[in-house]
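Here is the structure we will look at, set down as structure tokens.
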Amino acid sequence: MKVNDPPMRPEEVFSRRASHYATSKVHDDKVTLSWLVDAAAPGREDVALDIGTGAGHTALALAPRVTRVEAIDLTEEMLGEARKLAGKRGIDNVTFSIGNAMSLPYPDRSFDIVTCRRAAHHFTDLERALGEMARVLRVGGRMVIDDRSVPEDDEVDELINRMDVLHDPSHVRDRRTSEWSALVRGTGLELLSMRPYRRRVPLSHFTDMVDPPTESAMRDLVARASDHAKKAIALEVTDGCVLLDNFFILLSAVRSR
Ligand SMILES: C[S@@+](CC[C@H](N)C(=O)[O-])C[C@H]1O[C@@H](n2cnc3c(N)ncnc32)[C@H](O)[C@@H]1O
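In this note's numbering, the protein residues as written are 3 to 259.
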């Protein structure tokens with residue numbers, strides 16, 4: 003997979019990696035999940051939609067706080083993992099079904115909350131997906147997005163996006179805070195909060211699921227990065243273990259009319 007190749011279909015990648023996401027500490031990170039749930043301000047009567055639900059971590063974190071959650075994903079294998087996790091946790095108010103973020107199978111103004119966590123960087127038409135999220139929200143409804151992100155720095159932006167394409171060929175783009183802010187403004191929703199944050203992870207977290215040539219391309223990319231980029235990602239190599247910062251953004255917006 004080369005950086006300029008068109009992205010692969012997410013189903014091709016996620017159908018092979020589904021079981022990994024069910025147990026992934028990065029995706030089942032209770033701290034950042036609680037930030038997202040708080041930002042959604044869930045109420046007992048609320049009906050929520052979780053888009054790109056994957057193994058269901060976000061839908062299952064929201065479920066105890068609302069009446070019902072609809073959770074959709076493109077990949078049947080991911081939905082299978084999500085249903086298993088719901089069963090294990092005894093959660094029965096989430097419906098998991100196939101659905102595409104770019105064409106949501108729901109009428110206008112159907113939900114009080116729409117969430118989308120760590121999936122938007124796979125969307126081939128993010129503007130359209132955000133328009134769909136705004137469309138299905140009721141007046142007063144909240145959209146909460148958590149996604150991989152990049153700093154406002156061309157060199158670091160390019161390094162992280164190249165790494166992510168190598169890690170996952172269905173990757174489209176990690177966006178800057180300024181891009182997110184313009185995109186949300188374009189939906190007509192009112193932006194309530196933006197919280198950029200970092201998480202420190204070993205490089206092996208990204209190389210575990212790729213073939214050996216791709217792994218060496220990723221290690222090479224990091225090793226050859228400029229001092230400026232290495233400093234920006236807080237790169238640290240100890241006893242062969244490579245640690246680096248990952249960038250994320252959590253944002254919330256409301257449909258005020
Ligand atoms: C990293 S996983 C999601 C993680 C999950 N939201 C969580 O909180 O743990 C990304 C998911 O997005 C899904 N996806 C990618 N493009 C999609 C689209 N256009 N519509 C719906 N789901 C999509 C993939 O199938 C995959 O399951």
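For every residue, glycine included, the Cβ atom is placed at its ideal position computed from N, Cα and C.
Backbone secondary structure at residue i - three-state DSSP
i: residue 3; result: Residue placement at residue 3 is poorly supported in this model, since its pLDDT is 49, which falls under 50; the coordinates are not used for a value here.
i: residue 42; result: helix
i: residue 245; result: strand
i: residue 79; result: helix
i: residue 120; result: coil
i: residue 17; result: helix
i: residue 208; result: helix
i: residue 111; result: coil
i: residue 214; result: helix
i: residue 258; result: coil
i: residue 66; result: helix
i: residue 12; result: helix
i: residue 142; result: strand
i: residue 240; result: strand
i: residue 253; result: strand
i: residue 226; result: coil
i: residue 178; result: coil
i: residue 154; result: coil
i: residue 106; result: coil
i: residue 166; result: helix
i: residue 192; result: strand
i: residue 28; result: coil
Minimum C-alpha distance to residue i - residue among the options
i: residue 153; options: 107, 257, 247, 73; result: 247
i: residue 69; options: 140, 92, 114; result: 114
i: residue 313; options: 229, 234, 233, 204; result: Any property of residue 313 remains undetermined from this structure, which presents the chain solely from 3 to 259.
i: residue 1; options: 35, 186, 120; result: Summary: the structure shown does not reach residue 1, with the chain confined to residues 3 through 259, and so no result is reported for it.
i: residue 31; options: 107, 16, 200; result: 200
i: residue 9; options: 182, 163, 257, 208; result: 163
i: residue 48; options: 141, 126, 192; result: 141
i: residue 146; options: 158, 13, 14, 192; result: 192
i: residue 135; options: 151, 189, 176, 121; result: 189
i: residue 15; options: 52, 67, 121, 27; result: 121
i: residue 99; options: 75, 86, 33; result: 75
i: residue 86; options: 62, 102, 178; result: 62
i: residue 123; options: 151, 116, 106, 130; result: 151
i: residue 46; options: 29, 67, 34; result: 67
i: residue 53; options: 183, 27, 26, 139; result: 139
Burial state of residue i (16 or more Cβ within 10 Å)
i: residue 97; result: exposed
i: residue 235; result: buried
i: residue 230; result: exposed
i: residue 257; result: buried
i: residue 40; result: exposed
i: residue 77; result: buried
i: residue 225; result: exposed
i: residue 218; result: exposed
Same chain only: Cβ atoms within 6 Å of residue i, ignoring 5 sequence neighbours per side
i: residue 65; result: 71, 93, 95, 96
i: residue 137; result: 110
i: residue 209; result: 217, 220
i: residue 13; result: 76, 77
Residues near residue i in its chain [Cβ-Cβ closer than 7 Å; skip 5 each side]
i: residue 119; result: 38, 60, 148
i: residue 43; result: 144
i: residue 243; result: 204
i: residue 133; result: 189
i: residue 102; result: 76
i: residue 259; result: 141
Same chain, Cβ closer than 8 Å to residue i, neighbours up to 5 away in sequence not counted
i: residue 126; result: 9, 104, 174
i: residue 3; result: Caution applies to residue 3, whose pLDDT of 49 falls short of 50 and renders its modelled position unreliable; the model cannot decide the point.
i: residue 223; result: 161, 164, 165, 168
i: residue 91; result: 62
is_contact[residue i, chain D] using C-beta, thresh 8 Å
i: residue 82; result: Looking at the structure shown, chain D is missing, and only one protein chain is on hand.
- Task: Would you be able to state if there are at least three C-beta pairs under 8 Å between the stretch 10-25 and the stretch 52-61?
- Result: yes
- Task: Closer than 5 Å is what we want: which residues have a beta carbon that near any heavy atom of ligand 2? List them in chain order.
- Result: The model on display carries ligand 1 but not ligand 2.
- Message: Counting beta carbon pairs with one atom in the stretch 105-112 and one in the stretch 77-84, are three or more of them shorter than 8 Å?
- Response: Three or more beta-carbon pairs separated by less than 8 Å are not found between the stretch 77-84 and the stretch 105-112, which leaves the two stretches without contact.
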